[in-house]
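Taking this note's numbering, the leading residue of the sequence shown gets 1335, the next gets one more, and so forth. Ideal placement from N, C-alpha and C gives every residue a C-beta, glycine not left out. Since this is a predicted model, take the numbers as computed values, not measurements.
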Amino acid sequence: MKNIVLGGGCFWCVEAVFERLKGVINTEVGYSGGKPNPSYESVCNGDGNIEVVKINYDEKQISLLEILTLFFKIHDPTSIDKQGGDIGIQYRSIIFYENEEDKILAQNFIEEQQKIFSKKIVTKISRLQT
């Protein structure tokens, strides 16, 4: 089993897509990337945290590349701090990885996607802090 953590707008909306995929074992919403012990109020007040979904998946049934491809279809990776009607730094586009292999795959994926998108992709890639 592997994990990837994605931020791309409202975490409930992102979770709703991924929790139904074959190969996804479970999903969990939360906050990451900012001050410790965040609350909804602190996140909305700009504590630096991002709404994220942790996706636990069986890589024999679904690949990280498939997950990232869907992720880029369900949100706008060129939008800064905004997804649809959700506006704020907590809605920025980010991929949190757990190992170097996933980091490289995500970097290569974004590089390839940039050839398709006319606007600059602003999705960040960052190591998940525990």
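Where Tyr1374 is concerned, the enclosing alpha helix (DSSP H) starts and stops at Tyr1374 to Cys1378. Of the other Cβ atoms in all chains shown, fewer than 16 fall within 10 Å of the Cβ of Tyr1374; this residue is therefore exposed. Residue pairing by DSSP places Val1386 opposite Gly1364 in a beta bridge. Fewer than three Cβ pairs drawn from the segment 1433-1448 and the segment 1377-1394 lie within less than 8 Å of each other, which leaves the two stretches out of contact. Pairwise C-beta distances place the segment 1364-1374 out of contact with the segment 1393-1401, as fewer than three of them are shorter than 8 Å. In this structure Val1456 touches Thr1412 by the C-beta definition: roughly 6 Å separates them, less than 8 Å. At a Cβ-Cβ threshold of 7 Å, Gly1367 and Tyr1425 do not count as neighbours.
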